[in-house]
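Below: one structure, written as structure tokens.
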DNA sequence: TATATTTAATGTCTATAGGTCAATTATGTC
DNA sequence: GACATAATTGACCTATAGACATTAAATATA
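Chains as they are written, first to last, in our numbering: chain A, 23 to 246; chain B, 23 to 246.
Quick look at the structure:
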């Protein structure tokens, strides 16, 4: 490659709604891939922020109206095939946000929409964004076996059943409630936040993520 | 940031020699940080290769005479502080290579040398390479709790005792031989490769990494 | 040749943490 | 008050790592 490659920051933003894992995409308004759905993000050159993560956050705020709490770097993809214009590099971030907070804002941004990850698999997205999403998804699945960061995709406070449910959706398989609760309690990852009465059944205790939950990893994986 | 940032690929190359974890550094011959030790790597612009990883491998081959087998992306650092010239981004790779193969080659490359990771902690390195190394090290330590990729830093074939030893050095604590062997055997990660008689004691069986060992992760961590 | 020494390899028991699933608790409904 | 529905917990089972003693296979030495 001769010149410096294009450098972009793209984010895979996960959320949880109607028992489904969803992901925020924006419709491109310029070539290449004009009019196709793509990951929110953009060029690093000219962006605002002192670090890559700050730039990623800023772009999400500006372009998608999303103020992200939990965000982490997934990986960086770069080659001479992913952009028809030539060499390009994308630093990929993954974020988890409560659907509610995001929903309203996503409305006032033109051409931003949430897609269920299942439906999404068959869509043709811009660049190699489909591949990127698969990597981010796999990472999220792995992580859900030994952490509870998925909880950042729920509006706080939430019940343990809700927290378990999002894990089950991400993993695509049921989890033993007892195992799930036991390890969380032992690791002291959640903070009590009252209780709530759902439509039916026994009222459930409410919790918020404790700061420790952001980094905590269990020494054993759940059945995967 | 206005213009596109500098984009580089840097590699943290680990190896194992004299019971110590070592790491390959090269002395810079240009500003900034002229004459200071730094991670092998360089600018992506103008480099040879169709992917970031290919470029990383090529730079190691050309500049350090090292042909890497095991290499993986660690993370990407980017901000306006790490390079005095302004915004710069570095995609960081981590590689594990047998010391023997590496040693000779490192000789015919000017100003490349191996450093024990312990000694290295007090050195002043170029850019934020000291920080990068710490991240790569931490990643390697984590990984050594649930995989045996550290074996790629040994010349094949190797004994189980040697494989255990490098893990102990990386983790900085002893490992139960029984636990270590049991899980490896059960996961069928190694291929028998004869046996060897060391200076003293019972001869040891020799093994090589099976392909599966590259990606395999145990469901449970060793004591960390 | 027998014994001590050294390192490799294994047997066995214990401890820990998740898996299973039944039982209990707390509400709302009929 | 009996039933339905969820949440939560109790009790036992299982899998896998930790501890540590024991056995195995070689060399060195008396």
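From the three backbone atoms N, C-alpha and C, an ideal C-beta is built for every residue, glycine too.
Could you give the DSSP three-state label for residue i: helix, strand or coil?
i: residue 213 of chain B; result: strand
i: residue 108 of chain B; result: coil
i: residue 40 of chain B; result: coil
i: residue 95 of chain A; result: strand
i: residue 220 of chain B; result: coil
i: residue 173 of chain B; result: helix
i: residue 25 of chain B; result: coil
i: residue 251 of chain A; result: Nothing about residue 251 of chain A can be read from this structure; chain A reaches only from 23 to 246.
i: residue 236 of chain A; result: helix
i: residue 145 of chain B; result: coil
i: residue 89 of chain A; result: coil
i: residue 202 of chain B; result: helix
i: residue 167 of chain B; result: coil
i: residue 84 of chain B; result: helix
Strictly by DSSP, which residues pair up with residue i?
i: residue 181 of chain A; result: A:228
i: residue 115 of chain B; result: B:33, B:95
i: residue 48 of chain A; result: A:60, A:134
i: residue 65 of chain B; result: B:30
i: residue 243 of chain A; result: For residue 243 of chain A, which the question treats as bridged, DSSP gives no partner whatsoever.
i: residue 101 of chain B; result: A:73, B:110
With a CB to CB cut of under 7 Å and the five nearest residues on each side skipped, what residues in its chain are close to residue i?
i: residue 159 of chain B; result: 139
i: residue 137 of chain A; result: 44, 45, 47
i: residue 90 of chain A; result: 79, 82, 117, 119
i: residue 175 of chain A; result: 36, 37, 38, 118, 119, 120, 188
i: residue 199 of chain A; result: 186
Got a sec? Which residues, its chain only, sit under 6 Å from residue i by beta carbon, not counting five neighbours each side?
i: residue 65 of chain A; result: 30
i: residue 230 of chain A; result: 178, 179, 213, 215
i: residue 39 of chain B; result: 121
What does a CB cutoff of less than 8 Å around residue i pick up in its chain, not counting 5 residues either side in sequence?
i: residue 240 of chain B; result: 168, 169, 205, 209
i: residue 217 of chain B; result: 225, 226, 227, 228
i: residue 41 of chain B; result: 187, 191
i: residue 247 of chain A; result: The displayed coordinates of chain A run from 23 to 246. Any statement about residue 247 of chain A would go beyond what the structure contains.
i: residue 58 of chain B; result: 49, 50, 146, 147, 148
Members of the stretch 186–220 of chain A near chain B, C-beta cut-off 9 Å:
With the criterion set as a beta carbon lying under 9 Å from some beta carbon of chain B, the stretch 186–220 of chain A has no members that meet it.
Any residues in the stretch 74–97 of chain A with a beta carbon nearer than 7 Å to a beta carbon of chain B? Which ones, in chain order?
Answer in chain order: 74, 95, 97.
If you measure beta-carbon to beta-carbon, which residues of the stretch 109–120 of chain B are closer than 7 Å to chain A?
Residues passing the 7 Å Cβ filter: 111, 113.
Which of the residues in the stretch 156–180 of chain B, read from start to end, lie with their CB under 8 Å from any CB of chain A?
So the list is empty, because no residue satisfies the distance condition.
Mind listing which residues of the stretch 139–151 of chain A have their C-beta closer than 7 Å to chain B's C-betas, in chain order?
Flagged: no residues at all.
Interfacial residues, the stretch 52–70 of chain B to chain A, with Cβ spacing under 7 Å:
Those would be 66, 67, 68, 69, in chain order.
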